[in-house]
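Trainee: First, the structure itself, so that you have it in front of you.
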């Protein structure tokens, strides 16, 4: 083999003794099989630029898929990244051998120390420093194998493929037959062989050779990684300190660290006994990056508190809006450059790289400055640090991991901070910041358009609670990536029937969390992998298990081109003195949140309040509650929970009184008045119910929601002294009005007392009606139930 012979000559030139052919084949031949035998590596493993994976992915979008899109992603998880890692390593070795070949032909060169190339030892060290890529593959291996076995049994077409995978032609033009499962095992086998190869290289490398120390360090890193794998740890990576002590790396990721100098993008490492925050520093030309120590906190006695960040000041909001607009235009440019590159126009490659760098800078700026979730950390020594995370599900993952370790018998080992910081570059599992522009296949498997989520209801609670659901999506941070429902009523079976719409670009996952009104109490969470084919332009209803609670939702994806976001920061629109249909449309419901929230609170603690709705609350407190509903829903909900119940009822009455058009539109006044004159009770009731059905959807359902609530209030008449007649007297003039300007035009001659009588009697007869339909709080969906 020519490559092998060149390797032998190179080793001799470097003063390395040539060992048996089998050993040298282990050193270089395996890497050749892994990368240079491209047919085996690509066809066999079906990577993105190969027919098998493309075919499987394409079939996932048909009516008879071989594998679903989720199964394709499970089977081929992390393989493209591993392919790129070995390709880069192999190319470096080839270049090194080529430089030796040039030297033999008389070209001047300095082996192993050329400024434009890394030495062999440096190549191996660079390679093993990225072994963290194998962590995801190893963690996913069992799922991938189970998927292959399941589909092999169930799908004849996949069975034919899985049992007859062919390698590429080797030097003897022969092809080898493999099973799919055998090919999936090859990366696992490669982890072990890498360590054995480094053992052999070190044994036959003189200690005085420049590569000796580098190979020894590469062997240490590789052995440490392999040790963690062999111990069966799925989420912990070993780190050995200089004194021989051991601690485990559990989790790492990028966060925003808040300090006196402002906000800084940092890498946070969670070990079994401490948190370590470090700053990534890029190495000089040809040198490896490294970490600089920032701070650490022992886990023993660590206290955590989280909250949502408050809205930023107006000037920062404007900067965020401008940065999002810039991100949108850069994203559009990158999409065009990508199309040109795919068409073979290589002249735009530099422009693509520049665009990608600008995108990365925009994403990091937004990650650092945009409102996020705050996690405050305080140690027993009163030292504290504050970190910000973009997503609530990410914050909860950190909290769960820390709390799990705190529940164990912690024994804090005094850290060697220099050694610990230096080891991070080799042990990190998160190789790069969570930036969408760094994902190579962002165009192929992500969504661009609107993802709609209707949150219907929840169950499984052990005791009544008032809860809400938070939905998060990934992708470019051009538009808001978070949305949440209103607070439910205090119940064992919360109901929302609320639609949340999120514009997305590059979305792949949807995260859902359920929280109580006491914000720190997260009841559960789950993550969905978005399948654009499965929910394309059609509602799919599913029940999700979030842990302590199950939530029923419907999801739909509508692809469309996106418009540039407004440079003006979005402000919450007011709800008072606004047409009720506009408010409901803005909130994606049939009954506005203010009505549901106030009714829910009154039913929770005001049904037995004497004079409820008749006795008004303090005018100043009612106006403060009105202002809160107009400017900040969550501040309003906090006030509703703590305000006097008569203040809440007063705010609800004020809302209906200040509607620009009454809940029962004015054009229905005359017909309802005539219905009251019908002597036959049966005809009168039917006529009024028929008139009720002609109201606009929002008006009708809000009225029905209120009427059923008032009936429940009247059921407690013995305690609250409010009969149906009393309630009709309170609400009639607010719900049904005849504008003074139209009295002469409608031909109905009534004085004020007659008008009030009509208003009260209409509401009273509706309250007496035993056949009132139930209210819908959201429009029914044409859904497909999840099998």
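In full-length UniProt numbering, the protein residues as written are 1 to 787. Glycine included, each C-beta is placed from N, C-alpha and C at the ideal position. What you are looking at is a predicted structure, and each value in this text was computed from that prediction instead of being measured.
For residue 124, count the other beta carbons within 10 Å of its own beta carbon; 16 or more makes it buried, fewer makes it exposed. Which is it?
Mentor: As a working mapping, residue 124 is identified with position 124 in the chain shown. With 16 or more Cβ atoms within 10 Å of its Cβ, residue 124 is classed as buried.
Trainee: Can you find the residues in the same chain that come closer than 6 Å, C-beta to C-beta, to residue 669, ignoring five residues on each side of it along the sequence?
Mentor: Within the chain shown, residue 669 is the residue found at index 669, counting from 1. These residues qualify, in order along the chain: 738.
Trainee: What do you reckon, are the CB atoms on residue 631 and residue 572 nearer than 9 Å?
Mentor: Working through the chain shown from its first residue, we reach residue 631 at position 631. Working through the chain shown from its first residue, we reach residue 572 at position 572. In this structure, residue 572 lies closer than 9 Å to residue 631 by Cβ.
Trainee: By Cβ distance below 6 Å, which residues in the same chain neighbour residue 137 in space, the five residues on each side in sequence not counted?
Mentor: What you label residue 137 is simply residue 137 of the chain shown in a count that begins at 1. Cβ neighbours of residue 137 beyond the five flanking positions: 78, 187.
Trainee: Starting from residue 428, trace the beta strand (DSSP E) in both directions and tell me its first and last residue.
Mentor: Start at 1 with the first residue of the chain shown, and residue 428 comes out as number 428. Residue 428 -> no beta strand (DSSP E), and no H or E assigned at all.
Trainee: Could you say which of 439, 549, 418 lies nearest to residue 460 if we only look at CA atoms?
Mentor: Numbered from 1 along the chain shown, position 460 holds the residue referred to as residue 460. Nearest C-alpha to residue 460: 549.
Trainee: Would you call residue 154 buried or exposed, if buried means 16 or more other Cβ atoms sit within 10 Å of its Cβ?
Mentor: By one-based count along the chain shown, residue 154 stands at place 154. The residue in question, residue 154, is exposed, as its Cβ has fewer than 16 Cβ neighbours within 10 Å.
Trainee: With distances taken from CA atoms, which of 475, 608, 488 is nearest residue 464?
Mentor: The residue you call residue 464 lines up with position 464 of the chain shown. The option with the nearest alpha carbon to residue 464 is 488.
Trainee: Rounded to a whole number of angstroms, what is the C-alpha to C-alpha distance between residue 701 and residue 563?
Mentor: Residue numbering aside, residue 701 sits at position 701 when the chain shown is read from its first letter. Residue numbering aside, residue 563 sits at position 563 when the chain shown is read from its first letter. For residue 701 and residue 563, the distance between alpha carbons rounds to 34 Å.
Trainee: Does the beta-carbon of residue 121 have 16 or more other beta-carbons within 10 angstroms, so that it is buried, or is it exposed?
Mentor: Position 121 of the chain shown, counted from the first residue, corresponds to residue 121. It is buried - the Cβ of residue 121 has at least 16 other Cβ atoms within 10 Å.
Trainee: For residue 793 and residue 596, I'd like the C-alpha separation in whole angstroms.
Mentor: Nothing can be reported for residue 793, as the shown portion of the chain is limited to 1 through 787.
Trainee: For residue 693, does the three-state DSSP call read helix, strand or coil?
Mentor: Mapped onto the chain shown, residue 693 falls at position 693. Three-state result, residue 693: helix.
Trainee: Contact between the segment 643-650 and the segment 715-727 is defined here as three or more beta-carbon pairs at a separation below 8 Å; is this criterion met?
Mentor: As far as the Cβ criterion goes, the segment 643-650 does not touch the segment 715-727, which means the pair count is below three.
Trainee: Since residue 266 is in the beta strand (DSSP E), which residue starts that stretch and which ends it?
Mentor: The sequence position of residue 266 within the chain shown is 266, counting from 1. It spans 262-271 - the beta strand (DSSP E) in which residue 266 sits, taken as one unbroken run.
Trainee: Helix, strand or coil for residue 374? Go by DSSP, reduced to three states.
Mentor: Here residue 374 is taken as the residue at index 374 of the chain shown, counted from 1. Looking at residue 374 - three-state DSSP - the assignment turns out to be strand.
Trainee: Whole angstroms is fine: what's the gap from residue 636's alpha carbon to residue 624's?
Mentor: Position 636 of the chain shown holds residue 636. Position 624 of the chain shown holds residue 624. Distance between the alpha carbons of residue 636 and residue 624: 9 Å.
Trainee: Determine the direct distance from the alpha carbon of residue 371 to that of residue 300, and round the result to whole angstroms.
Mentor: For the purposes of this step, residue 300 is identified with residue 300 of the chain shown, where counting begins at 1. For the purposes of this step, residue 371 is identified with residue 371 of the chain shown, where counting begins at 1. Roughly 30 Å between the two C-alpha positions.
Trainee: Along the beta strand (DSSP E) that carries residue 471, what are the first and last residues, could you check?
Mentor: As a first step, residue 471 must be located in the chain shown, where it is residue number 471. From DSSP, the beta strand (DSSP E) with residue 471 extends over 467-473.
Trainee: Roughly how many angstroms lie between the CA atoms of residue 416 and residue 423, to the nearest whole one?
Mentor: The sequence position of residue 416 within the chain shown is 416, counting from 1. The sequence position of residue 423 within the chain shown is 423, counting from 1. Rounded to the nearest angstrom, the two C-alpha atoms are 11 Å apart.
Trainee: Residues in its own chain within less than 6 Å of residue 528 by CB, not counting five upstream and five downstream?
Mentor: Counted from its first residue, the chain shown places residue 528 at position 528. Hits under 6 Å: 510.
Trainee: Grab the span of the alpha helix (DSSP H) containing residue 364 for me, first residue to last.
Mentor: To locate residue 364, count along the chain shown from 1; it is residue 364. It spans 349-369 - the alpha helix (DSSP H) in which residue 364 sits, taken as one unbroken run.
Trainee: Can you tell me whether residue 612 is helix, strand or coil according to DSSP?
Mentor: Residue numbering aside, residue 612 sits at position 612 when the chain shown is read from its first letter. Of the three classes helix, strand and coil, the one that applies to residue 612 here is strand, per DSSP.
Trainee: For the segment 315-322 against the segment 383-398, are there 3 or more C-beta pairs whose distance is under 8 Å?
Mentor: Counting Cβ pairs under 8 Å, fewer than three are found: no touch.
Trainee: If you pair each beta-carbon of the segment 251-258 with each one of the segment 421-440, do three or more pairs fall below 8 Å?
Mentor: At 8 Å Cβ cutoff, the stretches touch.
Trainee: Would you report the Cα separation of residue 209 and residue 293, rounded to the nearest angstrom?
Mentor: One-based indexing of the chain shown puts residue 209 at position 209. One-based indexing of the chain shown puts residue 293 at position 293. Taking the straight line joining both Cα atoms gives about 32 Å.
Trainee: Quick check: the Cα distance between residue 426 and residue 405, rounded to an integer number of angstroms?
Mentor: Here the question's residue 426 lines up with position 426 in the chain shown. Here the question's residue 405 lines up with position 405 in the chain shown. Going by the C-alpha atoms only, they are around 23 Å apart.
Trainee: I need the DSSP call for residue 521, collapsed to helix, strand or coil.
Mentor: For the purposes of this step, residue 521 is taken as the residue at position 521 of the chain shown. Reduced to three states, the DSSP call for residue 521 is coil.
Trainee: How many Å lie between residue 202 and residue 190 at the Cα?
Mentor: Sequence index remark: in the chain shown, residue 202 carries index 202 (1-based). Sequence index remark: in the chain shown, residue 190 carries index 190 (1-based). Cα to Cα, the separation comes out at about 18 Å.
Trainee: Report the CB separation of residue 437 from residue 359 in whole angstroms; it is logged as a contact under 8 Å.
Mentor: The count along the chain shown starts at 1 and reaches residue 437 at position 437. The count along the chain shown starts at 1 and reaches residue 359 at position 359. So it is a contact: roughly 4 Å between Cβ atoms.
Trainee: Could you spell out the range, first to last residue, of the alpha helix (DSSP H) harbouring residue 647?
Mentor: For the purposes of this step, residue 647 is identified with residue 647 of the chain shown, where counting begins at 1. Taken as a continuous stretch (DSSP letters only), the alpha helix (DSSP H) holding residue 647 covers 645-657.
Trainee: Between the segment 725-735 and the segment 602-620, do three or more beta carbon pairs fall short of 8 Å?
Mentor: Counting Cβ pairs under 8 Å, three or more are found: they touch.
Trainee: Alpha carbon to alpha carbon, how far is residue 590 from residue 697? Give it in angstroms, no decimals.
Mentor: As a position in the chain shown, residue 697 is number 697, starting the count at 1. As a position in the chain shown, residue 590 is number 590, starting the count at 1. Going from the Cα of residue 697 to the Cα of residue 590 covers about 7 Å.
Trainee: Assuming residue 457 contacts residue 398 under a Cβ cut-off of 8 Å, what Cβ separation, rounded to an integer in Å, is found between them?
Mentor: To locate residue 457, count along the chain shown from 1; it is residue 457. To locate residue 398, count along the chain shown from 1; it is residue 398. Contact flag wrong, Cβ pair sits at about 30 Å.
Trainee: Smallest Cα separation from residue 715: which of 206, 608, 96, 766?
Mentor: Translated into the one-based positions of the chain shown, residue 715 becomes position 715. Nearest option by C-alpha distance: 608.
Trainee: Quick one: using the 10 Å Cβ neighbour count with 16 as the cut-off for buried, is residue 169 buried or exposed?
Mentor: Your numbering for residue 169 matches position 169 in the chain shown. Caution is warranted here: a pLDDT of 47 is assigned to residue 169, below 50, making its placement in the model unreliable, and the coordinate value is therefore given only provisionally. Classification for residue 169: exposed.
Trainee: With a threshold of 16 other CB atoms inside 10 Å of the CB of residue 626, please say whether the residue is buried or exposed.
Mentor: Reading the chain shown from its first residue, position 626 is the one you call residue 626. Looking at its Cβ environment, which holds 16 or more other Cβ atoms inside 10 Å, residue 626 is buried.
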